[in-house]
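Convert by adding 260 to the 1-based position in the sequence shown; the result is the number in my numbering. Right, one structure below, let's go through it.
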Amino acid sequence: MIRSELIQKIADENPHLYQRDVERIVNTIFEEIIEAMARGDRVELRGFGAFSVKQRDARIGRNPRTGESVEVEEKHVPFFKTGKLLRDRLNSK
Numbered sequence: 261m262i263r264s265e266l267i268q269k270i271a272d273e274n275p276h277l278y279q280r281d282v283e284r285i286v287n288t289i290f291e292e293i294i295e296a297m298a299r300g301d302r303v304e305l306r307g308f309g310a311f312s313v314k315q316r317d318a319r320i321g322r323n324p325r326t327g328e329s330v331e332v333e334e335k336h337v338p339f340f341k342t343g344k345l346l347r348d349r350l351n352s353k
């Protein structure tokens, strides 16, 4: 599901809301999650999961094409850990 499909589904299930308002709400939620992660904060959505930022240390990597060693700088990467409710729903048959 992509963002526009999510917006459309929410708008269809809530006919009392205008689609432009639903779009504004969804975009605001995503922006808040992004801003919190950019600050290094953890964002937890109970039952769904938690978004956090993990730090990858600098290291010596290898160019797979030439085999030469290259320095890989320290970086921060987004990380998502599923919540128990989501895990249980995915694994129930």
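Quick reminder that beta carbons are idealized off the backbone N, C-alpha and C, glycines included.
Start-to-end residues for the alpha helix (DSSP H) that takes in residue i
{"i": "GLN280", "result": "The sequence given here places Arg at residue 280; Gln does not occur at that position. Start and end: 279-298."}
{"i": "ARG349", "result": "344-351"}
{"i": "GLU273", "result": "263-273"}
Start-to-end residues for the beta strand (DSSP E) that takes in residue i
{"i": "ILE320", "result": "319-322"}
{"i": "ARG316", "result": "309-316"}
{"i": "GLU331", "result": "329-332"}
Where residue i falls, given that 16 or more other Cβ within 10 Å makes a residue buried
{"i": "VAL337", "result": "exposed"}
{"i": "VAL282", "result": "buried"}
C-beta atoms of residue i and residue j nearer than 8 Å
{"i": "GLY321", "j": "GLY343", "result": "no"}
{"i": "PHE354", "j": "ILE293", "result": "With the chain covering 261 to 353 only, the question about residue 354 has no answer from this structure."}
- Does the stretch 265-272 come close enough to the stretch 293-300 that 3 or more CB-CB pairs lie under 8 Å? no
- Task: Say whether the stretch 303-311 touches the stretch 272-281, bearing in mind that this needs 3 or more beta-carbon pairs closer than 8 Å, one atom from each stretch.
- Result: no
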